[in-house]
Amino acid sequence: MTNSKTPRIAVIGCGAIAEEYYLPALASFPSVMENLILVDRDQARLDKFTAKYQVRRSARDHREVQNEADGVIIALPTGLHAPIGVEFLSRKIPVLCEKPLAEDAAHARILIEMAHQKETALAVNYLQRIIPHFAHVKKLLSEKTYGAPLKMEYVIGEIFNWPTVSGFYFQSDPSTRGILRDRGAHAVDHICWWLGGKPDLLSSYNDAFGGSEAVAHVAFEKDACKGRLVMSWFADVPCRFSIECERGTIEGEIYDYQKLIITEGGRKREVFVNSPIHTKLDVAREIVSNFIAVIEKGAKPLVQGADVLESIEFTDEAYEKTQLLDMPWYRSAEVRDAV
Numbered sequence: 124m125t126n127s128k129t130p131r132i133a134v135i136g137c138g139a140i141a142e143e144y145y146l147p148a149l150a151s152f153p154s155v156m157e158n159l160i161l162v163d164r165d166q167a168r169l170d171k172f173t174a175k176y177q178v179r180r181s182a183r184d185h186r187e188v189q190n191e192a193d194g195v196i197i198a199l200p201t202g203l204h205a206p207i208g209v210e211f212l213s214r215k216i217p218v219l220c221e222k223p224l225a226e227d228a229a230h231a232r233i234l235i236e237m238a239h240q241k242e243t244a245l246a247v248n249y250l251q252r253i254i255p256h257f258a259h260v261k262k263l264l265s266e267k268t269y270g271a272p273l274k275m276e277y278v279i280g281e282i283f284n285w286p287t288v289s290g291f292y293f294q295s296d297p298s299t300r301g302i303l304r305d306r307g308a309h310a311v312d313h314i315c316w317w318l319g320g321k322p323d324l325l326s327s328y329n330d331a332f333g334g335s336e337a338v339a340h341v342a343f344e345k346d347a348c349k350g351r352l353v354m355s356w357f358a359d360v361p362c363r364f365s366i367e368c369e370r371g372t373i374e375g376e377i378y379d380y381q382k383l384i385i386t387e388g389g390r391k392r393e394v395f396v397n398s399p400i401h402t403k404l405d406v407a408r409e410i411v412s413n414f415i416a417v418i419e420k421g422a423k424p425l426v427q428g429a430d431v432l433e434s435i436e437f438t439d440e441a442y443e444k445t446q447l448l449d450m451p452w453y454r455s456a457e458v459r460d461a462v
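Read left to right, the sequence shown gives residues 124 to 462 (the working numbering).
Take a look at the structure:
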């Protein structure tokens with residue numbers, strides 16, 4: 124660490140995720156903000172946020188701050204996570220990486236191995252795990268409160284409205300992919316985490332014609348539990364999950380952080396989970412607070428790179444084995460020509 128009383132954190136990338144998530148969370152820690160470094164190749168973005176948050180140090184190239192930063196937050200397009208993360212980890216600088224950890228499992232392993240070799244923390248923003256109702260589901264399943272899970276359904280339906288700055292979502296680049304790699308990072312992580320490991324893939328369908336997919340349907344099983352993940356950036360429907368167990372069913376809305384619905388013996392009841400976490404910004408503050416402790420005190424990251432490797436492996440397999448979703452509204456000739 125530098126000689127300053129608080130760690131000097133560099134935010135690498137000042138795109139939408141930094142603007143909407145990391146910078147507002149960091150602003151809750153004034154002493155950290157005094158030493159903050161912003162890095163982005165877009166000078167206009169740097170000017171905007173150095174002025175808004177009164178940041179004294181900025182740079183247009185991450186290599187300029189490798190000898191200054193005590194820790195870095197990587198908030199870049201997915202394909203840049205591994206190469207830039209490795210540069211900092213190799214210098215024993217702790218890294219907090221935005222999700223997904225990497226574009227595929229091979230690149231994730233490179234990051235994880237470098238962190239292991241250098242005995243340096245690799246934290247990852249798969250922190251929906253700490254959202255109260257998600258964490259309570261994990262507790263109920265781990266303790267087999269309602270017996271073993273038998274059936275799981277996870278549905279995400281929302282119109283894509285992320286204020287992307289770089290537009291990397293829509294580039295014809297394997298490192299980008301679409302909803303399954305992006306929004307699905309949390310969903311697949313929940314599934315693997317809740318079930319205690321990576322499930323077997325049964326089927327995978329999406330609507331991609333060589334570019335990023337906006338709709339994905341994935342079926343899976345682990346032990347006695349069969350499940351499906353349904354995701355769409357075209358449909359605004361209730362985002363929810365349901366887990367049918369031997370002696371009861373656990374249900375919840377993705378964005379209702381405090382509440383679960385439990386059905387047991389034919390009767391439904393609401394369960395409210397007490398927690399100071401009510402919003403995404405609350406989650407972001409927890410992430411930043413933990414990362415500060417990682418740098419200052421050697422604390423363990425709430426979620427480490429190795430914790431999410433299986434979910435990335437599962438996603439890779441879903442892409443490798445995907446088939447074209449049945450879309451009868453396209454003429455067969457058009458579909459044949461596209462694929």
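Backbone N, C-alpha and C fix where the C-beta goes; we use that ideal spot for every residue, glycine too.
Classify residue i: buried if its beta carbon has 16 or more other beta carbons within 10 angstroms, exposed otherwise.
i: residue 452; result: exposed
i: residue 231; result: buried
i: residue 222; result: buried
i: residue 263; result: buried
i: residue 179; result: exposed
i: residue 201; result: buried
i: residue 138; result: buried
i: residue 305; result: buried
i: residue 284; result: exposed
In whole angstroms, give me the CA-to-CA distance for residue i and residue j.
i: residue 348; j: residue 382; result: 23 angstroms
i: residue 126; j: residue 378; result: Any reading at residue 126 needs caution, since the residue's pLDDT is 48, under 50, leaving its predicted position unreliable; the model's value is listed next. Near 41 angstroms, if we compare the C-alpha coordinates of residue 378 and residue 126.
i: residue 446; j: residue 323; result: 17 angstroms
i: residue 169; j: residue 412; result: 24 angstroms
i: residue 465; j: residue 397; result: Residue coverage of the chain in this structure runs from 124 to 462, which leaves residue 465 outside it and unanswerable.
i: residue 332; j: residue 449; result: 12 angstroms
i: residue 199; j: residue 182; result: 15 angstroms
i: residue 163; j: residue 140; result: 13 angstroms
i: residue 171; j: residue 365; result: 43 angstroms
i: residue 208; j: residue 227; result: 14 angstroms
i: residue 325; j: residue 257; result: 24 angstroms
With DSSP as the reference, label residue i as helix, strand or coil.
i: residue 407; result: helix
i: residue 340; result: strand
i: residue 439; result: helix
i: residue 151; result: coil
i: residue 323; result: strand
i: residue 279; result: strand
i: residue 126; result: No answer about residue 126 holds up, because its pLDDT of 48 lies below 50 and its placement is not dependable.
i: residue 385; result: strand
i: residue 269; result: coil
i: residue 175; result: helix
Spatial neighbours of residue i within its chain, please: C-beta separation below 8 angstroms, excluding the five flanking residues on both sides.
i: residue 132; result: 149, 155, 158, 159, 160, 192, 193, 194, 195, 196, 414, 415 and 418
i: residue 351; result: 275, 276, 277, 340, 341, 342 and 343
i: residue 394; result: 259, 382, 383, 384 and 385
i: residue 409; result: 250, 253, 400 and 425
So residue i and residue j are in contact, right, with Cβ under 8 angstroms, and what is the actual spacing, rounded?
i: residue 215; j: residue 241; result: 5 angstroms
i: residue 282; j: residue 359; result: 5 angstroms
i: residue 146; j: residue 253; result: Wrong, their Cβ atoms sit about 20 angstroms apart, outside the cutoff.
i: residue 234; j: residue 375; result: 31 angstroms between Cβ atoms; not a contact.
i: residue 246; j: residue 219; result: 4 angstroms
i: residue 204; j: residue 225; result: 5 angstroms
i: residue 443; j: residue 321; result: Actually they do not touch by this definition, with Cβ atoms about 14 angstroms apart.
i: residue 176; j: residue 407; result: The Cβ separation is near 15 angstroms, so there is no contact.
I want to see whether chain C comes within less than 8 angstroms of residue i, judged by CB atoms only; does it?
i: residue 227; result: In summary, chain C is missing from the structure at hand, where a single protein chain is found.
When every heavy atom of the ligand ZN is checked, does at least one fall within less than 7 angstroms of the C-beta of residue i?
i: residue 362; result: Absence of the ligand ZN from the depicted structure is noted, as is the absence of any ligand whatsoever, leaving it without description.
Sorted by chain position, which residues of the same chain lie with C-beta nearer than 6 angstroms to residue i's C-beta, five sequence neighbours on each side aside?
i: residue 434; result: 311, 312 and 315
i: residue 166; result: none
i: residue 355; result: 280 and 338
If I measure Cβ to Cβ from residue i and keep anything under 7 angstroms in the same chain, skipping five residues before and after, which residues do I get?
i: residue 369; result: 269, 270, 271 and 273
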